[in-house]
Amino acid sequence: MKAHTLSVLVENKAGVLSRVSGLFSRRGFNIESLAVGTCEEPGTSRITIVCIGDDAQIEQVMKQLNKLIDVIKVSDITENERVERELALIKVSADPGSGRAEVMQLATIFRAQIIDVGTRTVTLSVAGDTEKIDALEKLLRQYGVKELIRTGKIAMLRGAKTVKSAK
Amino acid sequence: MKTGARILVEGLQREGVETIFGYPGGVVLPIYDELYDSSLRHILVRHEQAAAHAADGFARASGRVGVCLATSGPGACNLVTGIATAYMDSVPIVAITGQVPTSLLGNDAFQESDITGITLPITKHNYLVKRTEDLGHVLREAFYIAGTGRKGPVLIDLPKDVSTKPIEYEFPEAEPVTLRGYQPTIRGHAKQIDKAIELIFESERPLIYAGGGVISSDASAELLALVETLGIPVTTTLMGLGAVPCDHPLNLGMLGMHGTRSANYAVTESDLLIAIGARFDDRVTGKLDTFASQAKIIHIDIDPAEIGKNKKVDIPIVGDTKSVLQDMLVKIQKKKAYDMWLSRIRGWKEKHPLSYRRDGVLRPQFIVEQLSELLKGEGIIVSEVGQNQMWTAQYFCFRKPRTWITSGGLGTMGYGFPAAMGAHFARPDQVVFDIAGDGSFQMNIQELSTVATNNIPVKVAILNNRFLGMVRQWQELFHDRRYSFTELPPVDFVKVANAYGVDGIKVESVDDVVPALKAAIETDGPFVLDFRVEREENVFPMVPAGAAINEMIGGNYE
Ligand SMILES: Cc1ncc(C[n+]2csc(CCOP(=O)(O)OP(=O)(O)O)c2C)c(N)n1
Ligand SMILES: [Mg+2]
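Order-wise, the sequence lines are chains A and B.
At position 92 of the first sequence the residue is numbered 91 (numbering that gives the first Met the number 0), and the sequence of numbers has no breaks.
At position 153 of the second sequence the residue is numbered 152 (numbering that gives the first Met the number 0), and the sequence of numbers has no breaks.
So this is what it looks like as structure tokens:
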């Protein structure tokens, strides 16, 4: 069992997301994260899905996704050279005097941006690969994380290669 | 100017549809108004579930796409079982449902239900059409998707304003549909086919395991040619019956839970299993690790997702079974003698024929056997679900594809009678029998009214055991005969039929079976036969759930 990153090109039609996500729950596949948005080709969207399973399960996931009429292309890019990013917004308790300075320092080290400062909280925005965000989150926990939102991972092949319909 | 309703009816006719099965309601009034003076034949069923099953029965008997129509909300929801049935057996139907006007969508409006959401997991694809302009195109796509690749049901949901709005519309010249997300592989990979042939000649104990995919791609002739050219024995699934004549010397009959001993033993001992249009369903494989555990596996299927889903495959071939078998046949030049293997199989066949007690008691197997003799391979046989279904599969000798129609994957009680109506419209030249159970028949018994009004000459042969027999059998074998809620009160089905205007006879003795069957066959219209059979007869042999398929119980009556 390991985490796989799937890049899925879909028709940008009503219901496509529920077709894709419904398939995962119906067939008992686990989704770690799912990020979706429009892409360079008009009328299509890209979904990046991180899911966990053994090779046979992932093969079945991909085949079932491929059967959806609105799915144009499915690629497992786990083994490929790729770039990945995830964005997180983290609201941390930071009473003046108690830890606020340390939180700010951590933000600098992780190249996170401070996007809101309140009387009792600081909100950071951090982008990076999953491990980096995990690490920052862990460090911030000791100050008290009041709210945390992650976008889910998006991923792209390095170099000239793309995940596109061959057609 | 054309309304959406007009475009729908014209579009259906352009797809070659002659008969649809449906039931009206508020939001489909515009469509029904179009049907009023259309040449498209509409059969009014008495429950929407029957419309879906009839469309399905039509599709299975004809190989063409069946069509059903229902109103929004309750009408659409009543189609669901029928759509799921078609989905599980890969049957091409197009289901059209009315929907509340687009302005009310999502408002919990009167008779609104999210039928595209509800049917998401049980359709090959579905559409909610929001603009009249899209309808003609959607209809073409729907028929294309339903009837190609691995076939299946497609649903089109039509809001009322979409069907009433008039637009300028000309149907485009019929150009092929292209969808970038849907391009089924038809031709098998040549190298894979070569490898498969090599493996066949290396093997000593090969066996073909053919399923419903052979029927749905009309590949029976090719399958038979392969069996005969190679001299390899063949077993079929419940869905594959009729692909090879039952009495062909190389045919071992059905495999699986209620398969023949010879078929199940052959699977267990074979060293090469050639799966063609079959999907290693649990009712076939029994305990998976012991299924064909000595065999290498070649798997030919149109759906790549079926290959390797349940069982590791040595040579996968993705493609339409007909096309792949044609390509294989061209490449096979020699023949190998599998003498030892064939004589071993002959031994099993002789030692373990299907059998039941012939003691003068009216047993269901006898009825099926007699019907089979009388029809001599003619006619279309539909079944309900339960023991009636298994006995028909075991004792009716199917000789041609598309003459056996049954709900395999979903196992839907109540399927048979309406599916038989649909089959009649596909093959009006054929006598159509629904071999029924008393429980199943009562699930769509209201269709007696449909067959009576339209004089649809479907014959219903009820193997009336006053039990939900198959469930009772499990209770007998695995629950200490605790018959919890499986006994049914006696019903006088002849009286019920008469009340609807359908003729029938009650049969209580062995001697009356053949005359009664003949009477039914000779009647022009519909007919009901109420066979009062031995109540606690069991379907044997049987592989208990979870056992290996060669661990069969029962079924040796000399
Ligand atoms: C709609 C539906 N409900 C329940 C079942 C479970 N089930 C399978 S066989 C069976 C009994 C069928 O009884 P009957 O139609 O009388 O056939 P018999 O087995 O007696 O021949 C039942 C309840 C089913 N297959 N379908
Ligand atoms: Mg019964």
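Backbone N, C-alpha and C define an ideal beta-carbon position, used for all residues, glycine too.
Worksheet item: Which chain A residues are close to residue 124 of chain B, counting only those with a beta carbon under 7 Å from its beta carbon?
Response: 68
Discussion item. Contact criterion: CB-CB distance below 8 Å. Does residue 180 of chain B meet it with respect to chain A?
Written reply: yes
Item to complete: Taking residue 18 of chain A as the query, report the chain B residues whose CB atoms sit under 8 Å from its CB, ordered along the chain.
Response: 119
Item to complete: Taking residue 71 of chain A as the query, report the chain B residues whose CB atoms sit under 8 Å from its CB, ordered along the chain.
Response: 179 and 180
Worksheet entry | Given residue 450 of chain B as reference, the closest of B:388, B:524, B:184 and B:173 once Cα atoms are compared | By alpha-carbon distance to residue 450 of chain B, the top candidate from B:388, B:524, B:184 and B:173 is B:524.
Item to complete: List the endpoints of the continuous alpha helix (DSSP H) containing residue 31 of chain B.
Response: That run of the alpha helix (DSSP H) goes 28-35.
Discussion item. Restricting to runs no shorter than 4 residues, where is the alpha helix (DSSP H) found entirely within the segment 217-273 of chain B?
Written reply: 219-229 and 260-268
Worksheet item: Is residue 421 of chain B near residue 65 of chain B, with beta carbons less than 8 Å apart?
Response: yes
Discussion item. Taking CB distances under 8 Å as the criterion, tell me whether residue 25 of chain A reaches chain B.
Written reply: yes
Worksheet item: Any Cβ of chain A within less than 8 Å of the Cβ of residue 346 of chain B?
Response: no
Worksheet entry | 8 Å Cβ cut-off: residues of chain A touching residue 304 of chain B | 59, 62, 63, 65 and 66
Worksheet item: Does residue 144 of chain B come within less than 8 Å of chain A when only Cβ atoms are used?
Response: yes
Discussion item. I want to check one thing, is the minimum distance from the CB of residue 466 of chain B to the heavy atoms of ligand 2 below 7 Å?
Written reply: yes
Worksheet item: At least one CB of chain B closer than 8 Å to the CB of residue 14 of chain A: is that the case?
Response: yes
Item to complete: Using beta-carbon positions only, say whether residue 472 of chain B and residue 386 of chain B come within less than 8 Å of one another.
Response: Taking 8 Å as the cut-off, the Cβ atoms of residue 472 of chain B and residue 386 of chain B count as close.
Worksheet entry | C-beta neighbour in chain B for residue 166 of chain A, strict 8 Å | Since pLDDT at residue 166 of chain A reaches only 45, below the 50 mark, its modelled position is unreliable, and the value read off the structure follows with that caveat. At least one chain B Cβ lies under 8 Å of residue 166 of chain A.
Worksheet item: By DSSP, does residue 463 of chain B sit in helix, in strand, or in coil?
Response: strand
Item to complete: Kindly indicate which three-state DSSP category residue 195 of chain B falls into: helix, strand or coil?
Response: helix
Discussion item. I'd like to confirm something about residue 386 of chain B: is its beta-carbon nearer than 7 Å to some heavy atom of ligand 1, or not?
Written reply: yes
Practice prompt. Evaluate residue 537 of chain B with the Cβ neighbour count: other Cβ atoms within 10 Å of its Cβ, from every protein chain shown; 16 or more gives buried, anything less gives exposed.
Written response: buried
Item to complete: Express the C-alpha separation of residue 16 of chain A and residue 72 of chain A in angstroms, rounding to a whole number.
Response: 15 Å
Item to complete: Indicate the three-state DSSP secondary structure (helix, strand or coil) for residue 42 of chain B in the structure shown.
Response: strand
Discussion item. Taking the alpha-carbon of residue 278 of chain B as reference, which of B:269, B:297, B:289 and B:186 has the nearest alpha-carbon?
Written reply: B:297
Worksheet item: What are the residues that DSSP puts in a beta bridge with residue 81 of chain A?
Response: A:156
Discussion item. Would you say the beta carbon of residue 536 of chain B is closer than 7 Å to some non-hydrogen atom of ligand 1?
Written reply: no
Item to complete: Evaluate residue 71 of chain B with the Cβ neighbour count: other Cβ atoms within 10 Å of its Cβ, from every protein chain shown; 16 or more gives buried, anything less gives exposed.
Response: buried
Discussion item. DSSP three-state label for residue 149 of chain A, please.
Written reply: strand
Worksheet item: When we look at the beta-carbon of residue 166 of chain A and count the other beta-carbons within 10 Å, is it buried (16 or more) or exposed?
Response: Bear in mind that a pLDDT of 45 at residue 166 of chain A, under 50, signals an unreliable position, so the model cannot answer this.
Fill in: Residue of B:164, B:158 and B:81 minimising C-alpha distance to residue 126 of chain B
B:158
Worksheet item: For the candidate residues B:129, B:510 and B:172, whose alpha-carbon lies nearest to that of residue 360 of chain B?
Response: B:510
Worksheet item: What's the gap between the Cα of residue 546 of chain B and the Cα of residue 285 of chain B?
Response: 6 Å
Worksheet item: So which of B:6, B:479, B:501 and B:333 has the shortest CA-CA distance to residue 453 of chain B?
Response: B:501
Fill in: Expected contact under 8 Å - CB spacing of residue 74 of chain B and residue 101 of chain B to nearest Å
Residue 74 of chain B to residue 101 of chain B, Cβ: 18 Å. No contact.
Practice prompt. For residue 433 of chain B, verify whether its CB is less than 7 Å away from any heavy atom of ligand 2.
Written response: The answer is no for residue 433 of chain B.
Discussion item. If the cut-off is 9 Å on Cβ atoms, which residues from the segment 296-328 of chain B count as contacting chain A, listed in chain order?
Written reply: 302, 303, 304, 305, 306, 307, 308 and 311
Item to complete: Please go through the same chain and pick out, in chain order, the residues whose beta-carbon is closer than 6 Å to the beta-carbon of residue 294 of chain B, but skip the five residues on each side of it.
Response: 269, 270, 271 and 272
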